[in-house]
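Residue numbers (our numbering): 3 to 208.
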């Protein structure tokens, strides 16, 4: 066989093998499409499990005025942080992949998204109001010693302000620092009338 004929025959064989390859499995585009579909399905299942309903009892605990204010503020800080994380994760997933709303878990995702958005808005409102209420009156007069004492654990209040991160954060932090200077402590004095974990009811307003 002449060299030219040999080269032609080899090229024909290689072309035939290349063309026949898809018969043995999906091509790269098909594999990519399958991988994307599987990832979207997995993400949809994960996001569908994100709910905020389990946080509602904890929010009610934080709203209970009979509980010590330090404990209430700590609980509300935790609820706020968790609700924010879940709402942002749901929003991010739907923004990146709007098709999640139309898949098998679409209705669940849509319901969870609406629920977490509304719940987070409620928590943020309560959290902001609670923090500002304490910052407006961070010091109480101890009825037993007639001394100025911290209304609650001021370190917890400082952390809560940092987590909320309002536009006037520096002003609120300044009030906390001023209260610390006046009382000489971040916590209610041991044995004082407000030494109950933070509840300020037994003390007197200044």
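Even glycine gets a Cβ: it sits at the ideal position worked out from N, Cα and C.
According to the DSSP assignment, residue 184 belongs to the alpha helix (DSSP H) that extends over 171-185. Secondary structure of residue 189 (DSSP, three-state): coil. Check the Cα spacing between residue 91 and each of 184, 178, 112, 73: the tightest is with 112.
By the CB criterion at 8 Å, residue 53 and residue 81 fall outside the cutoff. Annotated three-state conformation of residue 114 is helix, per DSSP.
A straight-line Cα-Cα distance of about 11 Å links residue 75 and residue 67. Here DSSP, grouped into helix, strand and coil, assigns residue 168 to coil. Residue range 71-98 is occupied by the alpha helix (DSSP H) that includes residue 75.
By the C-beta criterion, the segment 107-122 is judged not to be in contact with the segment 132-151, since fewer than 3 inter-stretch pairs fall below 8 Å. The segment 156-174 makes contact with the segment 116-134: 3 or more CB pairs, one atom from each, lie closer than 8 Å.
About 6 Å separates the beta carbon of residue 151 from that of residue 185, a gap short enough to meet the 8 Å contact definition. Secondary structure at residue 51: coil, using DSSP grouped into helix, strand and coil.
Separation of the CB atoms of residue 156 and residue 182 is rounded to 6 Å, and the pair is thereby assigned contact status at 8 Å. About 6 Å separates the beta carbon of residue 86 from that of residue 122, a gap short enough to meet the 8 Å contact definition.
Taking 8 Å as the upper bound for CB-CB distance, residue 161 and residue 79 are in contact here, some 7 Å apart. Taking all protein chains shown into account, residue 73 has 16 or more neighbouring C-beta atoms within 10 Å of its C-beta and is therefore buried.
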